[in-house]
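Notes follow the structure.
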Amino acid sequence: MIFNINIVIEDIEKIVKELKKKYPFIKRVYARSSYQRIDKAYEDYILQFYEQTYFSPTLENAGKSCYIKRNYQMIDNCTYCVFYYDKNYKAIKNGTKGSLKLQESRKSGTKIAYEYALKKKKVIFNMCINNKNQIQKD
0 MIFNINIVIE DIEKIVKELK KKYPFIKRVY ARSSYQRIDK AYEDYILQFY EQTYFSPTLE
60 NAGKSCYIKR NYQMIDNCTY CVFYYDKNYK AIKNGTKGSL KLQESRKSGT KIAYEYALKK
120 KKVIFNMCIN NKNQIQKD
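Going by numbering that gives the first Met the number 0, 31 is the number at position 32 of the sequence shown; the sequence numbering is gapless.
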């Protein structure tokens, strides 16, 4: 089930705060894709915005795929998925001489996560609207 919502990013934090009042069990969790161990100052900084932070040991030697694996774990461990996914976005890859080129075949990390959430039949809330101020539809 997918809900496309006409909203701006700045409002998401307000919405989450309001939802937490009604549903106090909601947690904002910062799942780190790097830095298995962090110092207290960095943890304190993260916890100003989130209720919890963690690093999954399965990501320790994941290399470049750590972000994808982290996203899969977050999706596997939730009931609802909130995305800001623009279906019209084209991922950009560095060219051979440092210039940027559009790579139509390359998927963004968000697209990979979004498609995984669809495959897992998660309830998805997509907060993105397209350039014409219309809700995107699947």
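For glycine and all other residues, C-beta sits at the position ideal for the given N, C-alpha and C.
Check, Outcome
"Check whether the region 82–90 touches the region 59–71, counting contact only when three or more Cβ pairs, one atom from each stretch, lie closer than 8 Å.", "no"
"State yes or no: is the C-beta of residue 49 within less than 7 Å of the C-beta of residue 82?", "no"
"Leaving out five residues on either side along the sequence, give the residues of the same chain with a beta carbon under 7 Å from the beta carbon of residue 96.", "Note that residue 96 has pLDDT 47, beneath the 50 cutoff, so the model's placement of it is unreliable and no number is given."
"Mind reading off the beta-carbon distance from residue 51 to residue 28? Whole number of angstroms is fine, and I expect it under 8 Å.", "5 Å"
"Alpha carbon to alpha carbon, what distance is there between residue 53 and residue 109?", "20 Å"
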